[in-house]
Every structure is written in C-alpha cells, then in structure tokens.
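The structure appears right after this line, and notes come after that.
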Amino acid sequence: MTAQGTAPFEPAALHLNDEQRMALLDNWRAITKRKWGVLGLAFAAAVVAAAIAYSMPSVYRATTTVMIEPSKSKVVNIDEVYGGMVQGKEHYQTQVEILKSREVALKAIASLKLWNVPEFDPRQSQNGWQSQLKKSLGLTKPAHDWTEDSLAEATLGAFQNALNIEPVRLSQLVKVSFDSQDPKLASRVANAVAETYINNDREARFKLTQQASAWLQERVSGLREKLESSERALQAYREGQGLVNLGGSAQALDSQRIINLTEQLVQARVRRAENQGVYNDILAIRKTGSKDFSSVAAVMRHPSVIRAKEIESLSQQKVAELSKRYGPENTKMVQAMAELEGAQQNTLTQMESVANSLVRDYEISRATEQQMAGELASARSSVSQVNKKEGELAILQREVESNRQLYDMFMGRAKETSATDNMQSVVARVVDPAPEDGEVVRPKRSQLVLVALMLGLMLGAGISITLEKLDNTIKGADDAERLLAEPVLTTLPSLDEDERAGVMRLVVDKPESAYAEAVRMGRTGLLLSNIDVAHKIFVVTSSLPAEGKSSVATSLAVAMAATKRTLLIDADMRRPMVARGLGISPGSKGLANLCAGTAELSDCVHSLDFSPLKVMPAGDLPPNPTELLHSQRFKETLESLAQAYDAIIIDTPPVELVSDALVVAPMAHGTVYVVKAMETPVPLVRKGLQRVRRVQGNVVGVVLNDLDFKAAHRYHGQYSAYGQYGYSYYGQRQDGTPQKG
C-alpha cells in the first residue's frame, strides 16, 4: 500500500508498449545470438589496447605545493609610492598567472638546461624521418645556429605542455606539477619552477626598491629647498608688518565683543520679528476705524483681556437665563442688560490698552535692533584690518607647515629605504617539495584496457544488432505469424545428413521423432482448415527451390494416409523429386502421361510398400508443363481424383520461378506455403503469398521448414519447450526402445 497521493515506484520498462518491449527483446536476442563473436571482438580490442598501452613509456608526475603569502605592509611601503597593490583574491589570482608566465618558464628552463634532456631537446627533431624527408625535397630552412636563448625558446612549448599550475580551491595553495618520463627530472623541474618564481619576485622587488630609493633622494633634495624658501617668506612678512602675535589678549577681547554684539543683535531681530506681525495686524484694524482687536491672537492672550471676556461671558449667561423668565421691561432684565453693555465696553477698553502696549513693544524692539546693528558694524570695522593681516600670515604659515610635513615624510622614507635595501619579504614559500618518486599519470593502462573492452562490447553489440536488422529471414513461428500475417501450421526441425536422405519416409521410419510429430501437427492443421469439405485438395509450394517443399508435401501425405485415402501428385514437372525420394522406379508413368492421354489412371498411380499412400509421379517430362496444367484434361482429371480420394496433396514448383503453382492453386481448396527458416527473405515470401492470393488461391497456412531449434532457442527462447517437453514427450525404455509416456 502506498500513501494517498503518492504514486508507487514503477520501473521505466513498465511504461513501454508491446512494440517497444519487442524491439528491446529483439536487440537483446541479436546480441546473445552472437555473444561469442561480441566477446571475441571485445577481447581482441582489450588485447590490442593492452599491447599498445604497455608499449608506451610511463610518464611520471611530480607536484610541488606552494603557498602564496597575502599582500601586506612591507618595511619599505613602496605600495604608497606606486599607487597600491592588488589585495585578497585578485592578488592570489595575479600571482598564479605570474607563476604560469613565460618569463618564469624560460628562467626555469635555463637554470636546468632542459634542452640537454633528450625528451625536451628541440635539436632531436632535426634528425627525425620527417626532417630527413624535407631535406631530400629541399623544403628545409638553413641550419639553425643554436644559442642558449634560442634553445630555451624552442624548448618552451614542450615545457609548458608538461607543466600544470593548479590553484587549490578555498586556500592560498598552488600545486605546481610537471610530467616527464624520468621521475627525478619531473621532481627537479617542479621544484625549480617554484624556486624560480619566488626568486624572480624577490629580484623584481629589489629592483623596485632601488628605483624607489633613487627617486626619493631626488625628491627630498627639491623639498628641502622649497621648505627653506617658504620659511624665509614668512619671516619677511612678519618683520614688514610689525606683527609679533596677533592671537593675544587684545584680539581676543575684540573677538569676544563682536560675538556678544552678534548674539544681542540676533536676539533683537527675533523680538522685532515676533512683534512685527502683531504690529501689522493692529495697524490694519486701526485703518478701518474699528476698536475690536479680537482677531489679534496676541491681544486676546493678554490676561486683562481674558478676564474682561470672562466677565462679559458671565453677563451674557445671566441675560440668557433672565430672558427665559422675564420680559425686556422687567427691572432685573433691564439691570442685566446694562451690566452686559458695561462688560462689553470694558472688553473693548482692555483690548485697546493691550494693543497700544504691543505697538510700543514693537517700536522699542525695532530701535534696539538698529542700535545693535550700528554697534556691531563699528566693532567689525575695527577688527577687519587685523583679520586681513592674520589671514595673510596664516597662508604663509600653512605653506611652511605643509612643506615641512612633506619634507619630513620623504626624508623618513629615504632613510628607511637606504637602511633596508636587503630586507625583502617573500611572495610565496614552498610548503611541500616534489618527491623524486613521482606517480605514473599516463598511460592509465588498466583504464585503457577497460575502455577498449567496453568499446569492443559496444561495437560488437552494435554490429550484432545491425546484422540482425539486415537479416530479413524468418527465425521462428512467432516471426512467421508476425511478419507474414498467416497462421503457422507446423514448424519442422532441421535434420542431420542421415535423416535428410530418408526424409520422405521419416514419418514412418521414426514415428516418435520430433520431425514426425511436427508433420502430424501440420496434418491436423490441414484437416481442420476446411472441416466442412469432404474431399480436400491441397497445393504445396514455396518461393524458391531447395526449401524442402517436396519433402514437406510427401511427409504430410504420408501422415495423412494413415487415417484417410490420400493421393500425392508430383506436379513439379521441371524438377520432380517425389518418385526418387519414395523409391519409385525411374520412367514410371505419371501426371504428364495421364493429362496427355498416353497412359491410363491405373498405370499412373503407384503404391508404396511402407505406407497406404498412393503416389502419382510427374511422369514423362513434357516440354510445356504450364500449358499441360492449364488444360481442361487436367481439371477433369483432378475432379475425378477428388471423388476417389479423401485428400489430395499436389507438389508444385516454386512460385518465383514459374507460374505452375499459380495455375493449380485456384483449383485446390487450400495452399500450403513452405518457408525455409533463417534463409528465405521475408519480402520474397510476402511477394509469393500475394501472387497466390491474386489468382484466388486460398492460403491455409505456412510450414516453417528446417528450423534449428537450438539456434532458435538461443535467439528467441520460446522453443525450449520443443526440446524439453513437446518433442521429447516420447522417452526410451532402459533397453533403448522408444516408449510413450
């Protein structure tokens, strides 16, 4: 049981349809059919690969592990002089590319004089057969005048092909590997490349430090002169202006006074700005002639106005309460109205008084602002001259200070560079030098042999499948029914040489044999093909000669004669085989004589000593067999014979060579088509069957003849029953005689 919503696992083969499964099965059978050839091809390929692999020289690989140091501050910080160096990941990748560089490779080659090793010697190529051939054809260049530089250049290509630089992921390590037929040479070269890279970097840094030192000395000399010039200019200005120290107490008091006046002016401006809006509102109301300043918020916020408004509100409330109980003429009502009017007048008076005080505040704040502005302008005027001189002096002082700092910095760098010319930090170090006993990297002999074996198996399987696809013969009953769309009456096994000689008597001589049982199966199929017809006439034919149609026709007739009155007619008047196979004397009368009227029926029908079967041989061979079979005499003869016998079997020539069988087939109740297994092409059989149908012949079935059941079992697997059960149903007694189980 699977969980709900979860599909059960099904192999991919379960999703194939029947046709796909059959195709896969056919391919597998094709391979197993020729399994020894496939295995032989694979073994041969493996042997050849082994011979080639073990004849090739071994190539060893030696690996040196180098750790690249991170870029960090040096004793001499040349980075600051030359604009900085690449850090982090970029620094690591840059160093790896330098390690792969042409310069490092050439120096390593020169240090080892690698051109003297035969494996890498470029001069060896001049002695090869290709060079000799070019010399004989006059295609070679003039003789090379070798130098160490040219030898190193010529060796570079082979050297770089053997060298492998591989960074180790997520680390600062780099593996330097070199391949060579000599493990010691591979070790020396790998170590030499690492040391050359480190020494080359050290030399480059040393040269860089020397150049920086010379440049710093030159710069220090110029900066010293510039500093001295700026100090002289500063001193001259002080003396000319009579300045001793402008940063003293007098300047401090003036500065403090300006600061205080500025703060007071700011405060005055704030007060004036605050009163400005109120003043403008009051002035606008007065221009209208009104004394009601209730729209001015500053007036309404004044305590006296607030108190007056409260009194007015109480008076209004009192009037409202009395108006509910008394009329306007009532004395209490009159008195309340008078109080309300007085309260309102008082409110207006208070608002007028507050408005006047606000106007006075504005005028006072404006006068104060003007006074503060005048005093600040006077103070600034007195200090401006002092500030001007101070600014000019500050400019000269900053220039002197800047020149002094720059001079001190370069002087310090120059001293450090001079003192530390030989203190160089290394860019990398060797963590694990290459051992002298390197590992064999190629050829991978076992892998080559295994790959060759697998390729041989694949090639053999492909050839087997291809040959099987090209083989269009019938290999079994299933093939016959599937490819011909006709029922298979029986499948006759192949016979040995002794049995072939007496095949026409085999049903009687060896009734328990597989062949006899297969013939009886075919007889049963024929008898059941037209069960309602009392007298049956069957034509036996094939596509080509040597397919065994005559032996099949005779065997079927012999088997049928055991239960029915049966006549066998040899209508193959071109290559008759029945008379000779059944031991009938040569020159005996037969079908040709009967149809020609030269002999009587009793002279043309012969009996056998081993079977009740009656046989009509071909007789004297006529020059025109087809016309004889086309004659009315033959039709009448066949009709009369059908009344005398229960079954008539007619052996006819192959349909692909002559038309005799096509002439006789429409006169018969059925046609048995004989196909030789694993030899007759399927298209040829289809064509023959189609020709029989075209002349209105009734094909009752196919007899598959001469099938090697062992080979068919190896190919198909479905014929094992014939060898293990069906055709071995008859056993033997202990004395060797057959018995029925």
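For any residue, its number in my numbering is found by taking its place in the sequence shown, counting from 1, and adding 4.
C-beta atoms are modelled at their ideal positions from N, C-alpha and C, and glycine is treated no differently.
Since the model is a prediction, treat every value here as computed from it, not as a measurement.
Buried versus exposed call for ASN284 [16 or more other C-beta atoms within 10 Å across all chains shown]:
Here residue 284 corresponds to residue number 280 of the sequence shown, with the count starting at 1. That one is exposed.
How long is the line joining the alpha carbons of ILE469 and ALA484, rounded to whole angstroms?
Working through the sequence shown from its first residue, we reach residue 469 at position 465. Working through the sequence shown from its first residue, we reach residue 484 at position 480. A direct Cα-to-Cα measurement between ILE469 and ALA484 gives close to 20 Å.
Alpha carbons only, please: which of ASP607, LEU380, ILE289 is nearest the one belonging to ALA359?
The count along the sequence shown starts at 1 and reaches residue 359 at position 355. The residue from ASP607, LEU380, ILE289 with its alpha-carbon nearest to that of ALA359 is ILE289.
Hey, LEU625 and LEU572: beta-carbon distance below 9 Å or not?
In the sequence shown, counting from the first residue as 1, residue 625 sits at position 621. In the sequence shown, counting from the first residue as 1, residue 572 sits at position 568. No Cβ-Cβ contact shorter than 9 Å links LEU625 with LEU572.
Keeping to the same chain, check which residues put their C-beta closer than 6 Å to that of THR151; ignore five residues upstream and five downstream.
Taking the first residue of the sequence shown as position 1, residue 151 is located at position 147. If we look at THR151 and ignore the five residues flanking it on each side, it has no Cβ neighbours.
Continuous alpha helix (DSSP H) stretch holding THR159: start and end
Residue numbering aside, residue 159 sits at position 155 when the sequence shown is read from its first letter. From DSSP, the alpha helix (DSSP H) with THR159 extends over 152-166.
Return helix, strand or coil for SER382, following the three-state DSSP convention.
Within the sequence shown, numbered from 1, the residue matching residue 382 stands at position 378. Secondary structure of SER382 (DSSP, three-state): helix.
Quick check: the Cα distance between MET71 and TYR58, rounded to an integer number of angstroms?
Residue numbering aside, residue 71 sits at position 67 when the sequence shown is read from its first letter. Residue numbering aside, residue 58 sits at position 54 when the sequence shown is read from its first letter. Taking the straight line joining both Cα atoms gives about 37 Å.
Leaving out the 5 sequence neighbours to the left and right, which residues in its chain are closer than 7 Å to LEU459 when beta-carbon positions are compared?
Along the sequence shown, one-based indexing puts residue 459 at 455. So the list reads ALA49, once near-sequence residues are dropped.
Since VAL431 contacts ILE169 with CB under 8 Å, what's their CB separation in whole angstroms?
Counted from its first residue, the sequence shown places residue 431 at position 427. Counted from its first residue, the sequence shown places residue 169 at position 165. Contact between VAL431 and ILE169 is absent: CB atoms are separated by about 15 Å, not below the 8 Å threshold.
Tell me where the alpha helix (DSSP H) around GLY759 begins and ends.
One cannot answer for residue 759 here, as it falls past the ends of the chain, which runs 5 to 745.
Within 10 angstroms of its Cβ, does PHE614 collect 16 or more other Cβ (buried), or is it exposed?
By 1-based counting over the sequence shown, the position of residue 614 is 610. PHE614 counts as exposed, since fewer than 16 other beta carbons sit within 10 angstroms of its beta carbon.
Three-way DSSP call (helix, strand, coil) for ILE652 in this model
Indexing the sequence shown from 1 puts residue 652 at position 648. Note: ILE652 maps to strand in three-state DSSP.
Counted within 10 angstroms of its Cβ, other Cβ atoms place ASP655 as buried (16 or more) or exposed
For this step, residue 655 is matched to residue 651 along the sequence shown. With 16 or more Cβ atoms within 10 Å of its Cβ, ASP655 is classed as buried.
Are there 16 or more other CB atoms within 10 angstroms of the CB of PHE210, so buried, or fewer, so exposed?
Residue 210 sits at position 206 when you count from the first residue of the sequence shown. PHE210 sits exposed, since fewer than 16 C-beta atoms from the chains shown fall within 10 Å of its C-beta.
Pick from ALA622, LEU167, ALA600: whose alpha carbon is nearest that of GLU640?
On the sequence shown, position 636 is the one that residue 640 refers to. Comparing Cα positions, the closest option is ALA600.
Using only the alpha-carbon positions, how far apart do GLU490 and LEU43 sit?
In the sequence shown, counting from the first residue as 1, residue 490 sits at position 486. In the sequence shown, counting from the first residue as 1, residue 43 sits at position 39. Spanning the two alpha carbons is a distance of roughly 37 Å.
Tell me which residue opens and which closes the alpha helix (DSSP H) that ASP607 is part of.
To locate residue 607, count along the sequence shown from 1; it is residue 603. Boundaries of the alpha helix (DSSP H) harbouring ASP607: 605-608, taken from the DSSP string.
Count the other CB atoms within 10 Å of the CB of LEU471; is the residue buried (16 or more) or exposed (fewer)?
Stepping through the sequence shown from its first residue, residue 471 is reached at position 467. Exposed, because fewer than 16 other Cβ atoms sit within 10 Å of the Cβ of LEU471.
Comparing alpha-carbon positions, which option in GLY281, LEU380, PRO74, ALA166 lies nearest GLN268?
Within the sequence shown, the letter at position 264 stands for residue 268. Restricting attention to GLY281, LEU380, PRO74, ALA166, the CA atom closest to the CA of GLN268 is found in LEU380.
Could you say which of MET415, VAL679, GLN164 lies nearest to GLY226 if we only look at CA atoms?
Here residue 226 corresponds to residue number 222 of the sequence shown, with the count starting at 1. Here the closest residue by C-alpha is MET415.
The region 628-640 touching the region 545-553, judged by at least three CB pairs closer than 8 Å:
Result no; under three Cβ-Cβ pairs closer than 8 Å.
For PHE713, the three-state DSSP class (helix, strand or coil):
Looking up residue 713 in the sequence shown gives position 709. Secondary structure at PHE713: helix, using DSSP grouped into helix, strand and coil.
Rounded to whole angstroms, how far is the Cβ of VAL492 from the Cβ of GLY705, which I believe are closer than 8 Å?
Taking the sequence shown and counting its residues from 1, the one referred to as residue 492 is at position 488. Taking the sequence shown and counting its residues from 1, the one referred to as residue 705 is at position 701. About 6 Å; that satisfies the 8 Å criterion.
For SER181, which of ALA196, PRO497, SER319, ASN334 has the nearest alpha-carbon?
As a position in the sequence shown, residue 181 is number 177, starting the count at 1. Of the residues ALA196, PRO497, SER319, ASN334, the one whose Cα lies closest to the Cα of SER181 is ALA196.
Let me check one thing: in DSSP terms, what residues is LEU571 bridge-paired to?
Within the sequence shown, the letter at position 567 stands for residue 571. Partner(s): LYS618, ILE652.
Exposure of PRO3, with buried meaning 16 or more beta-carbon neighbours within 10 Å:
Coverage of the chain is limited to positions 5 through 745, which leaves residue 3 absent and any answer about it impossible.
For GLY529, report the span of its alpha helix (DSSP H) as first-last.
On the sequence shown, position 525 is the one that residue 529 refers to. Run containing GLY529: 518-533, per the alpha helix (DSSP H) assignment.
Would you decide whether MET564 is buried or exposed? Buried here means 16 or more other CB atoms lie within 10 Å of its CB.
Position 560 of the sequence shown, counted from the start, is the residue given in the question as residue 564. Under a 10 Å Cβ-count criterion, MET564 is classified as buried, with 16 or more other Cβ atoms of the shown protein chains found around its own Cβ.
Pick from LEU586, PRO621, PRO590: whose alpha carbon is nearest that of ALA575?
Counted from its first residue, the sequence shown places residue 575 at position 571. When only C-alpha atoms are compared, the closest one is PRO621.
With a cut-off of 8 Å on the beta carbons, I'd call THR684 and ASN702 a contact; round off their distance for me.
One-based indexing of the sequence shown puts residue 684 at position 680. One-based indexing of the sequence shown puts residue 702 at position 698. About 21 Å separates the two Cβ atoms, so there is no contact after all.
Assuming SER382 contacts ARG275 under a Cβ cut-off of 8 Å, what Cβ separation, rounded to an integer in Å, is found between them?
Position 378 of the sequence shown, counted from the start, is the residue given in the question as residue 382. Position 271 of the sequence shown, counted from the start, is the residue given in the question as residue 275. 22 Å between Cβ atoms; not a contact.
Here's a check: name, in chain order, each residue in its chain whose Cβ is nearer than 8 Å to the Cβ of ASP22, leaving out the five neighbours to either side.
For the purposes of this step, residue 22 is taken as residue 18 along the sequence shown, with counting starting at 1. There are no such residues.
Starting from PRO515, follow the beta strand (DSSP E) in both directions and report where the run begins and ends.
Reading the sequence shown from its first residue, position 511 is the one you call residue 515. Boundaries for PRO515: no beta strand (DSSP E) harbours it, and the DSSP string shows neither H nor E there.
DSSP three-state assignment for ASN21, whether helix, strand or coil:
Along the sequence shown, read from residue 1 onward, the residue named residue 21 stands at position 17. DSSP places ASN21 in coil when its eight states are reduced to three.
Residue ranges of each beta strand (DSSP E) run of no fewer than 3 residues wholly in the region 173-197, ordered along the chain?
For the region 173-197, whole beta strand (DSSP E) runs of length 3 or above, ordered along the chain, are 177-184.
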